[in-house]
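Residue numbers (full-length UniProt numbering): 1 to 143.
Even glycine gets a Cβ: it sits at the ideal position worked out from N, Cα and C.
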Amino acid sequence: MEKSYIVKQISIFSENRPGRLAAIAGALRDAGINIFAFSIAEADGFGVVRALVDRPDDAYRTLTDLGFRVSFTDVIGVKMRDEPGGLSDIASILGDAGINIEYAYAYSGKDAAVLILRVDQVEDAVRQILGRGGELLKASLSQ
Numbered sequence: 001m002e003k004s005y006i007v008k009q010i011s012i013f014s015e016n017r018p019g020r021l022a023a024i025a026g027a028l029r030d031a032g033i034n035i036f037a038f039s040i041a042e043a044d045g046f047g048v049v050r051a052l053v054d055r056p057d058d059a060y061r062t063l064t065d066l067g068f069r070v071s072f073t074d075v076i077g078v079k080m081r082d083e084p085g086g087l088s089d090i091a092s093i094l095g096d097a098g099i100n101i102e103y104a105y106a107y108s109g110k111d112a113a114v115l116i117l118r119v120d121q122v123e124d125a126v127r128q129i130l131g132r133g134g135e136l137l138k139a140s141l142s143q
């Protein structure tokens, strides 16, 4: 059951220079791949674009064919209250269970705010959040 809540995130590694994000976004656009959420991190002149897309395997092929280095990471998407305390609730559930949040980014969707989490114990995190009444996105975001 936990696996149905594990979302496949793509991470694209690129030089941090003008036009790289446009090239990535344009390639996905041309392939008809929708980006639901993304974040960008930078370290030592390189960038990492982390994205949730509707067709991760197609995105991987599209971007690697263009020479980008791409990898997959398992993350979870937690629906949270879009009000003060929403983040605190989720962070407390995981912290109390000894689960470390390695990184996170969020977006505000149609129905709720969604927190995307990379944690060190993904299946335990799913069990803890569901067990405490939390709501998770299903692995297939395109549905």
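In the three-state reduction of the DSSP assignment, E123 falls in the helix class.
In the DSSP assignment, S88 falls within the alpha helix (DSSP H) that extends over 86 to 96. In the structure shown, K3 adopts helical secondary structure according to DSSP, grouped into three states. C-alpha of G86 to C-alpha of D74: approximately 22 Å in a straight line. In this structure, DSSP gives D74 an extended state, which the three-state scheme calls strand. F46 and E15 have their C-alpha atoms spaced approximately 4 Å apart. Contact annotation: I101 and Q128 have beta-carbon atoms that are not nearer than 8 Å. Annotation for S39: R50, Y105 place their beta carbon closer than 7 Å to its own, counting only its chain and skipping 5 residues before and after. The three-state secondary structure of A59, taken from DSSP, is helix. Just so you know, the alpha carbons of D120 and G98 end up roughly 10 Å apart. In the displayed model, L130 falls within a helix according to three-state DSSP. Going by beta carbons, L137 and V7 fall inside the 8 Å limit. Each of R61, I76, R132 was checked against the Cα of A27, and the nearest Cα belongs to R61. Annotation: the continuous beta strand (DSSP E) that includes R50 extends over 46 to 53.
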